[in-house]
Amino acid sequence: MKITNARVIVCSPGRNFVTLKIETDQGLTGIGDATLNGRELAVAAYLSEHVVPCLIGRDAQQIEDIWQYLYKGAYWRRGPVTMSAIAAVDTALWDIKAKAAGLPLYQLLGGKSRTGVMVYGHANGSDIEHTLDEVLRYAEAGYKAIRAQSGVPGLEKVYGVGKGTLFYEPADADLPSEHDWSSEKYLRHTPRLFERIREKLGFEHHLLHDVHHRLTPIEAGRLGKALEPFQLFWMEDATPAENQQAFRLIRQHTTTPLAVGEVFNTIWDCKELIENQLIDYIRSTVVHAGGITHLRRIADLAALYQVRTGCHGATDLSPACMGAALHFDIWVPNFGIQEYMRHTEETDAVFPHSYHFADGMLYPGETPGHGVEIDEALAAKYPYQRAYLPVNRLQHDGTLHSW
Numbered sequence: 290m291k292i293t294n295a296r297v298i299v300c301s302p303g304r305n306f307v308t309l310k311i312e313t314d315q316g317l318t319g320i321g322d323a324t325l326n327g328r329e330l331a332v333a334a335y336l337s338e339h340v341v342p343c344l345i346g347r348d349a350q351q352i353e354d355i356w357q358y359l360y361k362g363a364y365w366r367r368g369p370v371t372m373s374a375i376a377a378v379d380t381a382l383w384d385i386k387a388k389a390a391g392l393p394l395y396q397l398l399g400g401k402s403r404t405g406v407m408v409y410g411h412a413n414g415s416d417i418e419h420t421l422d423e424v425l426r427y428a429e430a431g432y433k434a435i436r437a438q439s440g441v442p443g444l445e446k447v448y449g450v451g452k453g454t455l456f457y458e459p460a461d462a463d464l465p466s467e468h469d470w471s472s473e474k475y476l477r478h479t480p481r482l483f484e485r486i487r488e489k490l491g492f493e494h495h496l497l498h499d500v501h502h503r504l505t506p507i508e509a510g511r512l513g514k515a516l517e518p519f520q521l522f523w524m525e526d527a528t529p530a531e532n533q534q535a536f537r538l539i540r541q542h543t544t545t546p547l548a549v550g551e552v553f554n555t556i557w558d559c560k561e562l563i564e565n566q567l568i569d570y571i572r573s574t575v576v577h578a579g580g581i582t583h584l585r586r587i588a589d590l591a592a593l594y595q596v597r598t599g600c601h602g603a604t605d606l607s608p609a610c611m612g613a614a615l616h617f618d619i620w621v622p623n624f625g626i627q628e629y630m631r632h633t634e635e636t637d638a639v640f641p642h643s644y645h646f647a648d649g650m651l652y653p654g655e656t657p658g659h660g661v662e663i664d665e666a667l668a669a670k671y672p673y674q675r676a677y678l679p680v681n682r683l684q685h686d687g688t689l690h691s692w
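If you read the sequence shown in my numbering, its first letter stands for residue 290, the second for the next number, and so on.
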């Protein structure tokens with residue numbers, strides 16, 4: 290089965306997406322997500338200029354060999370641009386292989402390990418009471434797990450708090466918007482948020498929280514300890530993880546479960562975290578960690594240390610990524626949870642898909658492949674629009690800080 294064509298499709302139905310579509314001489318096609326939020330065109334150029342020419346004429350069934358060819362053959366290994374490009378190829382090839390077999394993708398991975406995929410929603414509000422209202426709304430909609438993010442008194446804008454309710458899109462401007470930040474105000478406020486939510490909601494639902502890399506290790510340890518009475522499912526991205534040993538200090542101070550990995554690109558980014566059991570959930574994604582082929586290796590390593598998966602699933606990961614992730618999730622033995630930020634109606638129309646939500650779970654569907662396609666004619670009506678993620682500056686002196 291020869292690859293006859295591959296092309297990059299860039300569109301913006303509510304936000305930017307980069308999609309690779311691979312065609313074969315047997316009439317089968319597959320798509321893969323290559324979106325890198327705020328740096329979309331870098332991956333699009335990497336694919337169109339450097340990867341696509343190398344794919345033409347290759348056997349689409351040789352997924353592993355093509356993965357190794359693109360990873361080792363580039364010489365310059367790893368990094369978000371390279372690994373997102375490889376992921377797009379890998380996802381599209383798995384899509385084709387499953388279509389050729391006439392089976393949903395999860396069957397090629399080994400079949401189902403569970404009946405459905407538990408997901409968490411993203412509830413956010415301008416203050417504690419507003420956030421509580423949104424948490425209750427998600428609970429009424431059937432979610433068993435809910436991430437809660439709140440505005441902080443004294444801060445104008447805070448990560449995780451959007452203009453709407455069901456949809457949150459942080460890439461909000463043609464140039465990076467600047468937010469103010471105070472770790473001290475945030476640390477005082479966040480335990481009060483979860484105290485109020487548990488007071489009203491009780492303990493039947495899972496609650497999660499995203500620190501978004503904004504604390505030092507010792508600050509994260511302090512927050513984790515303060516949140517222990519509220520029994521969080523996890524505390525996410527507590528501190529930047531370039532230094533994997535930073536999580537050792539957090540671990541010494543709290544039993545709140547720790548999750549990290551949405552910005553990781555390879556198994557090497559989380560090797561020490563997993564082997565030293567410094568985290569409880571690994572959040573690497575299909576699109577940013579080299580596709581299904583490489584994500585399976587990360588999950589297998591994690592399983593040896595009882596670390597479970599909790600794949601990132603924000604709005605900048607297209608339905609093509611979500612579809613592939615759900616097939617991975619329903620198979621992987623050490624599954625934990627899947628993030629589910631709903632896409633806009635425009636995005637869903639451009640990417641028709643077979644997965645669906647019911648009673649707190651997502652189901653990948655039984656369509657051969659990963660179950661997601663792209664309507665190219667409709668996509669063409671939504672041209673690329675440059676958009677950046679914000680940056681943070683410390684409130685008291687303007688120093689640039691992790692957002």
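In this text, a Cβ means the ideal position worked out from N, Cα and C, and glycines have one as well. These numbers come from a predicted model, not from an experiment.
Considering only residues of the stretch 416-451, which uninterrupted alpha helix (DSSP H) runs meet the minimum length of 4 residues and lie entirely inside it, listed in chain order?
417-429
Report the three-state DSSP secondary structure of G321 (helix, strand or coil).
strand
Within the 9 Å Cβ cut-off, does L590 reach chain B?
This model lacks chain B altogether, as it is built from one protein chain only.
Here's the rule I'm using: 16 or more other beta-carbon atoms within 10 Å means buried, otherwise exposed. How should Q773 be labelled?
Given that the chain is displayed from residue 290 to residue 692, the structure contains no residue 773 and the question cannot be resolved.
Less than 6 Å between C-beta atoms, sequence neighbours within five positions excluded: which residues of the same chain meet that for Y475?
V441
With distances taken Cα to Cα, identify the nearest neighbour of A603 among V408, Q315 and L394.
If we check each option's Cα against that of A603, V408 comes out closest.
Taking the CB atoms as reference points, tell me whether F522 and L497 lie closer together than 9 Å.
yes
With DSSP collapsed to three states, give me the class of R328.
coil
Taking M290 as the reference, give the member of V299, T313, I298 and C300 with the closest Cα.
T313
So, is Y364 buried or exposed, given that buried needs 16 or more other C-beta atoms within 10 angstroms?
exposed
Between the Cα of R682 and those of G491, A535, R631 and S466, spot the shortest distance and give me the residue it belongs to.
S466
Thinking C-alpha only, which one of L678, L504, F536 and A374 is nearest N326?
L678
Quick test of your reading: R631 and L455, contact by CB under 8 Å. State the CB separation rounded to the nearest angstrom.
The Cβ separation is near 5 Å, so the contact holds.
Please list the terminal residues of the continuous beta strand (DSSP E) segment that includes I298.
In the DSSP assignment, I298 falls within the unbroken beta strand (DSSP E) covering I292 to C300.
Put M611 into one of helix, strand or coil per three-state DSSP.
helix
Around the C-beta of S607, are 16 or more other C-beta atoms found within 10 angstroms, so that it is buried, or is it exposed?
buried
Please name the residue, chosen from M524, C600 and L490, that lies closest to H501 on a Cα-to-Cα basis.
The shortest C-alpha separation from H501 is found at M524.
So within the stretch 552-628, which uninterrupted beta strand (DSSP E) runs reach at least 3 residues, ignoring any that extend past its ends?
none
Suppose you measure from the CA of R347 to the CA of T544; what does that come to, to the nearest Å?
Here the C-alpha atom of R347 lies approximately 50 Å from the C-alpha atom of T544.
Under three-state DSSP, which class holds A281?
This structure gives no information on residue 281, because the portion of the chain shown stretches from 290 to 692.
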